[in-house]
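Structure first, then comments.
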Amino acid sequence: CYCLPHQRCFPSPPVWHSFSKDIGGRLIQARPAAYPCHDPHYDEAACKVAKTKWTDALWRSDQVGASQHPQWDSFKQQKCLINASDTCYQGAVPIYAVDVRQADDVSKAFAFATKHHIRVIVKNTGHDYLGRSDGRGALSIWTHNLKTIDFSDNFERFQCPFDSKDGQVSAVTVGAGVQFGELYKAVAAQNKIVIAFDPPSVGAAGGYVGGGGHSVLAPTYGLPADNILEINVVTPDGSYFVANECQNKDLFWALRGGGPATFGVVLSVTYRTHPAPAAVTNVHHEVSANDSSSLRDFIAEYARLMPSIADKGYGGSFAALPNAGHLNYVLPGGNQSAAQQDWQPLVDFAASHPGLNVLQRVTMFPNFYAFFNATLCNRFKTQCTDLTGTNEILASRLLPRSLFVNSPDAIADAYMDILTRNSSNGARNFILTMSVGGGAGALGDEHSAALNPAWRKALWHTIIQAVWDDDASDDVIQHKFVDITNANQVFRDLAPESGSYMNEGDYNEPDWQTSFFGEHYERLVEIKALVDPHDVLACRNCVGSEAW
Ligand SMILES: Cc1cc2nc3c(=O)[nH]c(=O)nc-3n(C[C@H](O)[C@H](O)[C@H](O)COP(=O)(O)OP(=O)(O)OC[C@H]3O[C@@H](n4cnc5c(N)ncnc54)[C@H](O)[C@@H]3O)c2cc1C
1 CYCLPHQRCF
11 PSPPVWHSFS
21 KDIGGRLIQA
31 RPAAYPCHDP
41 HYDEAACKVA
51 KTKWTDALWR
61 SDQVGASQHP
71 QWDSFKQQKC
81 LINASDTCYQ
91 GAVPIYAVDV
101 RQADDVSKAF
111 AFATKHHIRV
121 IVKNTGHDYL
131 GRSDGRGALS
141 IWTHNLKTID
151 FSDNFERFQC
161 PFDSKDGQVS
171 AVTVGAGVQF
181 GELYKAVAAQ
191 NKIVIAFDPP
201 SVGAAGGYVG
211 GGGHSVLAPT
221 YGLPADNILE
231 INVVTPDGSY
241 FVANECQNKD
251 LFWALRGGGP
261 ATFGVVLSVT
271 YRTHPAPAAV
281 TNVHHEVSAN
291 DSSSLRDFIA
301 EYARLMPSIA
311 DKGYGGSFAA
321 LPNAGHLNYV
331 LPGGNQSAAQ
341 QDWQPLVDFA
351 ASHPGLNVLQ
361 RVTMFPNFYA
371 FFNATLCNRF
381 KTQCTDLTGT
391 NEILASRLLP
401 RSLFVNSPDA
411 IADAYMDILT
421 RNSSNGARNF
431 ILTMSVGGGA
441 GALGDEHSAA
451 LNPAWRKALW
461 HTIIQAVWDD
471 DASDDVIQHK
481 FVDITNANQV
491 FRDLAPESGS
501 YMNEGDYNEP
511 DWQTSFFGEH
521 YERLVEIKAL
531 VDPHDVLACR
541 NCVGSEAW
């Protein structure tokens, strides 16, 4: 039970003011991003900027009061819409945010919130798909301005020497506010490569780490959790810890996949870096099918090929519509003819199938940054950003390798079930598959980090999506939430023993504890009770949030 702004227990403005002085004036009043477009505080110039930049993910991440998917900034009917002139409500946007610059700011914020029984949430870029970086009446800890990037060719963990067989370990320490576009640029300048190949606006050391993170490079370099060497964190009692394999081991374990904003505020994360490969291979397949049964045949064949593709180190994505699909894979290293050979079975299959037309394109890039610039970075031609600002929810399932080996046809049937179902304005007839499992990612110990052990067994992470306009009625929105859970039941039935990726998961995921955390949930609850006995940090579907 937390103290909310309309209650007497909520600190008065002078109390907030004195807290702000205590943290060097870094307490800011957060407003919804559309605030300047509404009376009585209408501001023509600021409103014009908000309208122009509304779907620009980098602009949104610069706003303390904006998440990437604006529905999370609302609370029930309390909204602040960009294309409406009625009242702008604060909604779920916290009124106050601490613009963190140092560990002490976080410690003091926790002390203040604990004293006044205020819930603390953490916001970095606002990409969260479960609304966890918003919180009505909460105190927001805003990490966006922690932008340091430090390289070391001989990284030394705190009181935790590496094995001599490891030799010198090359690493990059990333401040919690750094975004992937910034990180890739810096890493490329060092002629190195780092795990992850995320869109430029996503945070490199925030929710990605806590949620487990996925990467198309994982089949070559291991899962993101395997690539993290050290984490600096402030826990809710205000203590600062360096966590690694030897020091504060439970925290180190929990912070990699045990859920974001649950065990503390991460200040920085150190990733292992790898020497840049001599080239990067990018393989596309454009698939068009005469009918859905032909697409089904294609998906079954593709699924059959998957284990060998993942074992070779390829990662990628598959965007599927009822009669078409687009595969986009990447392999660090490689060459054109080897890539053609790797994928030949799929091309041969399509050539012999009367209902399929598959076009293959293999492109070689000189390095990873060139590939990033040509693909994820330049999708909007004008600026290296992402397109967000839409109301959007997702649901996910991790499909284990055993399915690909034993029943690829069942995978294809499940896909067609979702792609061709009567969605009646519910979840879209579209599946985005992230092919991010297998290969090196499957080799690590499934208990070495808190992330769901299902990740070690998975080859695909399936994502379905529902979107709606600002003027959608409550009934329509409610229907979207119900329908996406229903649609995803097809994948839950297909892989009942597996799990789901919490960062791109369903807001109403059934048995979310098992789906998001698997068998690690109980240990995570114990760690949560130790580091945050007063539940100062609480968020939707986060460890220990049942009582909230
Ligand atoms: C357009 C888009 C593309 C995406 N692509 C990928 C992808 O390729 N791979 C992938 O794995 N995921 C992807 N995601 C999902 C992404 O990993 C999650 O949304 C992630 O939680 C974003 O973290 P953030 O810190 O950037 O965002 P935020 O919304 O600011 O934070 C997300 C969560 O992390 C918490 N948090 C943030 N910073 C900290 C911190 N320093 N300490 C403790 N808790 C913190 C927040 O409280 C919140 O719970 C994508 C999301 C979007 C919207």
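Just so you know, full-length UniProt numbering puts 240 at position 240 of the sequence shown, and the rest follows in order with no gaps.
Glycine included, C-beta positions come from ideal geometry on N, C-alpha and C.
Please read all numbers here as calculations on a predicted model, not as lab measurements.
### Message
List, from N- to C-terminal side, the beta strand (DSSP E) runs of 3 residues or more that fit wholly inside the segment 113-178.
### Response
120-123, 139-142, 149-152, 171-175
### Query
Are the Cβ atoms of A225 and R272 separated by less than 8 Å?
Here the question's residue 225 lines up with position 225 in the sequence shown. Here the question's residue 272 lines up with position 272 in the sequence shown. Not a contact, by the Cβ cut-off of 8 Å.
### Message
Going by DSSP in three states, G441 sits in which element: helix, strand or coil?
### Response
Within the sequence shown, numbered from 1, the residue matching residue 441 stands at position 441. When secondary structure is reduced to three states using DSSP, G441 falls in the helix class.
### Residue of N145, P496, N429 minimising C-alpha distance to I464
Along the sequence shown, read from residue 1 onward, the residue named residue 464 stands at position 464. When each option's Cα is compared against that of I464, the closest is N429.
### Heavy atom of ligand 1 within 7 Å of K208 beta-carbon
In the sequence shown, residue 208 corresponds to position 208, counting from 1. The amino acid occupying residue 208 in the given sequence is Tyr; Lys does not appear at that position. The answer is yes for Y208.
### Query
If you drop the 5 nearest sequence neighbours on each side, which residues of the same chain put their C-beta closer than 7 Å to that of K108?
Locating residue 108 in the sequence shown gives position 108, counting from the first residue. For K108, where only same-chain residues beyond five positions count, the Cβ hits under 7 Å are D22, I23.
### Message
For G355, list the residues DSSP reports as bridge partners.
### Response
Stepping through the sequence shown from its first residue, residue 355 is reached at position 355. For G355, which the question treats as bridged, DSSP gives no partner whatsoever.
### Message
Going by C-alpha to C-alpha distance, which of N373, N391, I393 sits closest to C384?
### Response
Numbered from 1 along the sequence shown, position 384 holds the residue referred to as residue 384. Per the Cα distances, N373.
### Task
Mark T87 as exposed unless 16 or more other C-beta atoms lie within 10 angstroms of its C-beta, in which case mark it buried.
Translated into positions along the sequence shown, residue 87 becomes position 87. With fewer than 16 other Cβ atoms within 10 Å, it is exposed.
### Query
Hey, V358 and V287: beta-carbon distance below 8 Å or not?
To locate residue 358, count along the sequence shown from 1; it is residue 358. To locate residue 287, count along the sequence shown from 1; it is residue 287. Taking 8 Å as the Cβ cut-off, V358 and V287 qualify as a contacting pair.
### Query
With respect to 7 Å, is the separation between the Cβ of Q344 and the closest non-hydrogen atom of ligand 1 below this value?
As a first step, residue 344 must be located in the sequence shown, where it is residue number 344. Not under cutoff, so the answer is no.
### Same chain, Cβ closer than 7 Å to V106, five either side skipped, listed in chain order
Here residue 106 refers to the residue found at position 106 when the sequence shown is read from its first residue. Closer than 7 Å at the Cβ level, and outside the excluded window around V106, lie V100, I141, V234, V265.
### Query
In this structure, what does DSSP give as the bridge partners for A466?
For the purposes of this step, residue 466 is identified with residue 466 of the sequence shown, where counting begins at 1. Looking at the DSSP assignment, A466 forms a beta bridge with I393.
### Query
Unbroken alpha helix (DSSP H) runs of length 4 or more, entirely within the segment 243-331: which are they?
249-255, 292-311
### DSSP state of V98 mapped onto helix, strand, coil
Against the sequence shown, residue 98 aligns to sequence position 98. Strand, per DSSP.
### Message
Relative to the C-alpha of D469, which candidate in N323, S308, H461, N425 has its C-alpha closest?
### Response
Within the sequence shown, residue 469 is the residue found at index 469, counting from 1. Among N323, S308, H461, N425, the Cα nearest to that of D469 is on N425.
### Task
Report whether the distance from the Cβ of Y221 to the nearest heavy atom of ligand 1 is below 7 Å.
Against the sequence shown, residue 221 aligns to sequence position 221. Y221 Cβ: outside cutoff for every heavy atom of ligand 1.
### Query
Does the distance from the C-beta atom of I231 to that of V269 stay below 8 Å?
Position 231 of the sequence shown holds residue 231. Position 269 of the sequence shown holds residue 269. In this structure, V269 lies closer than 8 Å to I231 by Cβ.
### Message
Let me check you understand the geometry: is the CB of G315 closer than 7 Å to at least one non-hydrogen atom of ligand 1?
### Response
In the sequence shown, the residue the question calls residue 315 occupies position 315. Flag unset: Cβ of G315 not near ligand 1.
### Query
Relative to the alpha-carbon of Y96, which residue among I28, G126, S515, F298 has its alpha-carbon at the smallest distance?
Residue 96 sits at position 96 when you count from the first residue of the sequence shown. Cα-wise, what sits closest to Y96 is I28.
### Message
Three Cβ pairs or more, each shorter than 8 Å: is that satisfied between the segment 408-424 and the segment 356-371?
### Response
no
### Task
Could you tell me if the beta carbon of P260 falls within a distance shorter than 7 Å of some heavy atom in ligand 1?
By one-based count along the sequence shown, residue 260 stands at place 260. Under cutoff, so the answer is yes.
### Query
Nearest to A529 by CA position, among W253, F517, V543, is which residue?
Residue mapping note: residue 529 aligns to position 529 of the sequence shown, counting from 1. Among W253, F517, V543, the Cα nearest to that of A529 belongs to V543.
### Query
If we ignore side chains and look at the alpha-carbon of each, how far apart do L183 and N290 end up?
Against the sequence shown, residue 183 aligns to sequence position 183. Against the sequence shown, residue 290 aligns to sequence position 290. Taking the straight line from one Cα to the other gives about 43 Å.
### Task
Flag this pair as yes or no: are the beta carbons of A176 and G135 separated by less than 8 Å?
Looking up residue 176 in the sequence shown gives position 176. Looking up residue 135 in the sequence shown gives position 135. For A176 and G135, no; Cβs fall outside 8 Å.
### Task
Consult DSSP for Y42 and reduce its assignment to one of helix, strand or coil.
Stepping through the sequence shown from its first residue, residue 42 is reached at position 42. DSSP places Y42 in coil when its eight states are reduced to three.
### Task
Using only the heavy atoms of ligand 1, determine whether one of them is closer than 7 Å to the beta carbon of N244.
Position 244 of the sequence shown, counted from the first residue, corresponds to residue 244. Not under cutoff, so the answer is no.
### Task
Mind the definition here: the segment 28-42 touches the segment 65-72 only if three or more C-beta pairs lie below 8 Å; say whether that holds.
yes
### Query
Hey, how far is the Cα of Q336 from the Cα of M364?
One-based indexing of the sequence shown puts residue 336 at position 336. One-based indexing of the sequence shown puts residue 364 at position 364. Rounded to whole angstroms, Q336 to M364 spans 7 Å at the Cα level.
### Cα-Cα separation, N248 to C160
The residue labelled residue 248 in the question sits at position 248 within the sequence shown. The residue labelled residue 160 in the question sits at position 160 within the sequence shown. C-alpha separation (whole angstroms): 11 Å.
### Query
Can the beta-carbon of N488 be found closer than 8 Å to that of R397?
If you number the sequence shown from 1, residue 488 lands on position 488. If you number the sequence shown from 1, residue 397 lands on position 397. Yes.
### Message
Once DSSP output is grouped into helix, strand and coil, what is the label at S423?
### Response
The sequence position of residue 423 within the sequence shown is 423, counting from 1. It is coil, neither helix nor strand.
### Query
So does I121 have its beta carbon nearer than 7 Å to some heavy atom of ligand 1?
Indexing the sequence shown from 1 puts residue 121 at position 121. At least one heavy atom of ligand 1 is nearer than 7 Å to the Cβ of I121, so yes.
### Task
State yes or no: is the C-beta of S67 nearer than 7 Å to some heavy atom of ligand 2?
Among the ligands present in this structure, namely ligand 1, ligand 2 is not found.
### Task
Using alpha carbons as the reference points, say which of G206, D532, F158 lies closest to N244.
Against the sequence shown, residue 244 aligns to sequence position 244. Nearest option by C-alpha distance: F158.
### Message
Please classify T148 as buried or exposed, where buried requires at least 16 neighbouring CB atoms within 10 angstroms.
### Response
Numbered from its first residue, the sequence shown carries residue 148 at position 148. Exposed, because fewer than 16 other Cβ atoms sit within 10 Å of the Cβ of T148.
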